[in-house]
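Structure first, commentary second.
In our numbering, the protein residues as written are 6 to 559.
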């Protein structure tokens, strides 16, 4: 180099309240996918209810503030015990009281703020909290702290959650050291207040949890936390974006997230890069897309942007997603951008190895070739040097691109270099043939050499400046073939001056490059590695022509 909705619920083992198992990666090839991942077909999605605040308060042990302000008593201070009915009743009543919501954010408008300050920080600072709403803030914060203690994570009450609650930020960005139990504590307040006082929260960001803080040797949350998060998404009417990059959800956790999004038109973006959902998770997402675009049913899927890159989905999972996306497009459903780059681990390893071998051969060939022409004219020396460098540039760029396929920061750079290197190799391959064989036709030599290198520079410019041009692939392929076969217009006297063996090797090289193009275009399973082998073989033919024949021409 993606209507019946998925409905189901998590199966429980007999005699065991835990729906989780250690068999996240287990699969039954003859079982419909989402069923095998733990979902029962044709059953309704269960909406989880929060635990009673009375239970949490009594077991948490004195985590509520004794001097909270009650919204219905104005500024009157009410002394309450941790289990008093007055404060807990206020917490229960706050869930459905829309008058206690702090501010409804339009995320698109917030993003348009013309300030260098992060818009997700700037906008809330402009909204002072009223006294009555402050009382609700204090109650919810107290409830969250008590819930953390209830679930045994009182020593890591999350500062990101507290800051979001205190200043009503639209983006809840957890700080590090956030694990499965922390997700349970967060879920309690989101299930209770997510569609009420906390409806200002439009985005959940868990990216820091995968980078900071370890619990039992692991960072971030796993499938248990993903299942808990899915319960929040099932009933949320306001969350638009969820970022989970780097948290190892596994196929089970990913399937739970996909299931939660299947009937939620509010969630628009999912960031699941490096969540290791595997092939089974990829197939689950593909099945979700297929079910959502079945004839005769309305779409309940609100997703527009899903990042599934670097998830070990493999060829089978990636192909299933691509086919589901094509089917969705054919049936006129709303488009979804799905990033599945970096999931073909085996293929990329083979791609890197094949052209890594090319680097070794190019170095050996360069040494042999330069030793052969070291006592010849400058024309021989410099033209062969340009050819050797072009071979090294191609194989090095390709190897780097396929070796660092999982690094999003370098992906674009190496991809552009890889495409530009093809132009450089074509022009570099022509250079010794033209400069040595056409020495008696100087004007033709200069004109043809300039023509080829100008086209090469144009191709490089297009690859660099217009990487998203929709017709770029057609343009690039036409340029490759056009420049590559421009030699057929060479004058007859020039062709006759070249030895028959050299001509045969040149033609074999051109045929080798051209024959590999169908594999390059199809790009199915190991096709790209096969294309690399054609390139390697063709370049060997051309190198042999230069080494055994062209170098000796005067």
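Don't be surprised by glycine CBs; every beta carbon is placed ideally from N, CA and C.
- Item | Contact set for residue 549: own chain, Cβ-Cβ below 8 Å, skip 5 residues either direction | Mapped onto the chain shown, residue 549 falls at position 544. If we look at residue 549 and ignore the five residues flanking it on each side, its Cβ neighbours are 510.
- Task: Could you work out which residue in 299, 357, 327 and 207 is closest to residue 541 when comparing CA atoms only?
- Result: As a first step, residue 541 is located in the chain shown; it is residue number 536 there, counting from the start. Comparing Cα positions, the closest option is 357.
- Message: Looking only at its chain, what residues have a beta carbon closer than 6 Å to the beta carbon of residue 347, apart from the 5 residues adjacent to it on each side?
- Response: Translated into the one-based positions of the chain shown, residue 347 becomes position 342. Once the five neighbours on either side are set aside, the close Cβ partners of residue 347 are 314, 315, 410 and 411.
- Query: What distance in whole Å lies between the Cβ atoms of residue 395 and residue 429, which are believed to be in contact at a cut-off of 8 Å?
  - Reply: As a position in the chain shown, residue 429 is number 424, starting the count at 1. As a position in the chain shown, residue 395 is number 390, starting the count at 1. That belief holds up - the Cβ atoms of residue 429 and residue 395 are roughly 5 Å apart, short of 8 Å.
- Item | Beta-carbon proximity of residue 226 to residue 200, cut-off 8 Å | Here residue 226 is taken as the residue at index 221 of the chain shown, counted from 1. Here residue 200 is taken as the residue at index 195 of the chain shown, counted from 1. In this structure, residue 226 sits away from residue 200, with a CB-CB distance that is not shorter than 8 Å.
- Going along the chain, which residues of its own chain have a beta-carbon closer than 6 Å to the beta-carbon of residue 422, five neighbours each way excluded? If you number the chain shown from 1, residue 422 lands on position 417. Excluding positions up to five away in sequence, the list reads 402.
- Task: Counting only the same chain and skipping the five closest in sequence on each side, list residues whose C-beta sits under 7 Å from that of residue 191.
- Result: The residue given as residue 191 occupies position 186 in the chain shown. Once the five neighbours on either side are set aside, the close Cβ partners of residue 191 are 166.
- Helix, strand or coil at residue 497 [DSSP, three-state]: If you number the chain shown from 1, residue 497 lands on position 492. Of the three classes helix, strand and coil, the one that applies to residue 497 here is helix, per DSSP.
- May I have the straight-line CA-CA distance separating residue 157 from residue 145, to the nearest angstrom? Residue 157 sits at position 152 when you count from the first residue of the chain shown. Residue 145 sits at position 140 when you count from the first residue of the chain shown. Answer to the nearest angstrom: the Cα atoms are 18 Å apart.
- Message: Just verifying my parser: in three-state terms, what is the DSSP assignment at residue 253?
- Response: Within the chain shown, numbered from 1, the residue matching residue 253 stands at position 248. Coil.
- With a cut-off of 8 Å on the beta carbons, I'd call residue 259 and residue 286 a contact; round off their distance for me. As a position in the chain shown, residue 259 is number 254, starting the count at 1. As a position in the chain shown, residue 286 is number 281, starting the count at 1. Indeed, because the Cβ distance is near 4 Å, the residues count as touching under 8 Å.
- Give me whichever residues DSSP pairs with residue 312 in a beta bridge. The residue labelled residue 312 in the question sits at position 307 within the chain shown. Bridge partners of residue 312: 276 and 344.
- Task: Take the Cβ of residue 432 as the centre, count every other Cβ of all protein chains shown within 10 Å, and call the residue buried at 16 or more, exposed below.
- Result: What you label residue 432 is simply residue 427 of the chain shown in a count that begins at 1. With 16 or more other CB atoms across the displayed protein chains lying within 10 angstroms of its CB, residue 432 is buried.
- Meets three-Cβ-pair contact criterion under 8 Å: the region 305-313 and the region 506-526: no
- May I ask you to list the residues that DSSP assigns as paired with residue 248? Walking along the chain shown from the start, residue 248 turns up at place 243. Answer by DSSP bridge pairing, in chain order: 210 and 276.
- Task: Specify the secondary structure class of residue 317 as computed by DSSP and reduced to three states.
- Result: Position 312 of the chain shown, counted from the start, is the residue given in the question as residue 317. Note: residue 317 maps to coil in three-state DSSP.
- Query: residue 547 by DSSP, collapsed to three states: which one?
  - Reply: Here residue 547 is taken as the residue at index 542 of the chain shown, counted from 1. Reduced to three states, the DSSP call for residue 547 is helix.
- Query: Three-state secondary structure (DSSP) at residue 224?
  - Reply: In the chain shown, the residue the question calls residue 224 occupies position 219. In this structure, residue 224 counts as strand in the three-state DSSP scheme.
- Task: Per DSSP, which residues does residue 176 bridge with? Please list them.
- Result: What you label residue 176 is simply residue 171 of the chain shown in a count that begins at 1. Partner(s): 208.
- Assign residue 164 to buried or exposed, taking buried as 16 or more other Cβ atoms, counted over all protein chains shown, within 10 Å of its Cβ. Within the chain shown, numbered from 1, the residue matching residue 164 stands at position 159. Residue 164 should be labelled exposed.
- Decide yes or no for the touch test of the region 322-333 against the region 359-366: beta carbon pairs closer than 8 Å, at least 3 of them. Put simply, the region 322-333 does not touch the region 359-366. Fewer than three CB pairs are less than 8 Å apart.
- Task: Report buried or exposed for residue 142, applying the criterion of at least 16 other Cβ atoms within 10 angstroms of its Cβ.
- Result: Walking along the chain shown from the start, residue 142 turns up at place 137. Buried is the call here.
- Using 8 Å as the Cβ pair cut-off and three pairs as the minimum, do the region 367-377 and the region 322-330 touch? no
- First through last residue of the alpha helix (DSSP H) which encompasses residue 389: By one-based count along the chain shown, residue 389 stands at place 384. 383-408 is the extent of the alpha helix (DSSP H) around residue 389.
- Message: Taking 8 Å as the limit between beta carbons, can you name the residues of its chain near residue 245, skipping five residues before and five after?
- Response: Locating residue 245 in the chain shown gives position 240, counting from the first residue. These residues qualify, in order along the chain: 112, 207, 208, 271, 272, 273 and 274.
- Task: Could you check which residue in 351, 507 and 184 has the C-alpha nearest to that of residue 554?
- Result: Here residue 554 corresponds to residue number 549 of the chain shown, with the count starting at 1. It is 507.
- Query: Could you check where the alpha helix (DSSP H) with residue 434 kicks off and where it finishes?
  - Reply: The sequence position of residue 434 within the chain shown is 429, counting from 1. Its alpha helix (DSSP H) spans residues 413-442.
- Message: Taking the alpha carbon of residue 512 as the reference point, which residue from 204, 492 and 502 has its own alpha carbon closest?
- Response: Sequence index remark: in the chain shown, residue 512 carries index 507 (1-based). Selected option, being the one with the closest Cα: 492.
- 7 Å CB neighbourhood of residue 182 in its chain, flanking five on each side removed: Taking the chain shown and counting its residues from 1, one reaches residue 182 at position 177. If we look at residue 182 and ignore the five residues flanking it on each side, its Cβ neighbours are 161, 217 and 218.
- In the structure shown, what three-state DSSP assignment does residue 219 receive? What you label residue 219 is simply residue 214 of the chain shown in a count that begins at 1. If DSSP states are grouped into helix, strand and coil, residue 219 belongs with the strands.
- Message: Out of 360, 384, 233 and 179, which one is the CA nearest neighbour of residue 213?
- Response: As a first step, residue 213 is located in the chain shown; it is residue number 208 there, counting from the start. Residue 213 has its Cα closest to that of 179, out of 360, 384, 233 and 179.
- Query: If residue 454 and residue 440 are in contact, beta carbons under 8 Å, what's the gap, nearest whole angstrom?
  - Reply: Locating residue 454 in the chain shown gives position 449, where the first residue counts as 1. Locating residue 440 in the chain shown gives position 435, where the first residue counts as 1. So it is a contact: roughly 7 Å between Cβ atoms.
- Item | Proximity to residue 248 [Cα-Cα], best of 268, 459 and 215 | In the chain shown, the residue the question calls residue 248 occupies position 243. Selected option, being the one with the closest Cα: 215.
- Message: Between which residues of its own chain and residue 415 is the CB-CB distance below 6 Å, once the five residues before and five after are set aside?
- Response: Sequence index remark: in the chain shown, residue 415 carries index 410 (1-based). Same-chain partners within the cutoff: 409.
- Item | Reference residue 261, options 279, 230 and 278, closest by Cα | Within the chain shown, residue 261 is the residue found at index 256, counting from 1. Ranking 279, 230 and 278 by Cα distance to residue 261 puts 230 first.
- Buried or exposed (CB count within 10 angstroms, at least 16 for buried), residue 378: Position 373 of the chain shown, counting from 1, holds the residue named residue 378. Under this definition residue 378 is a buried residue.
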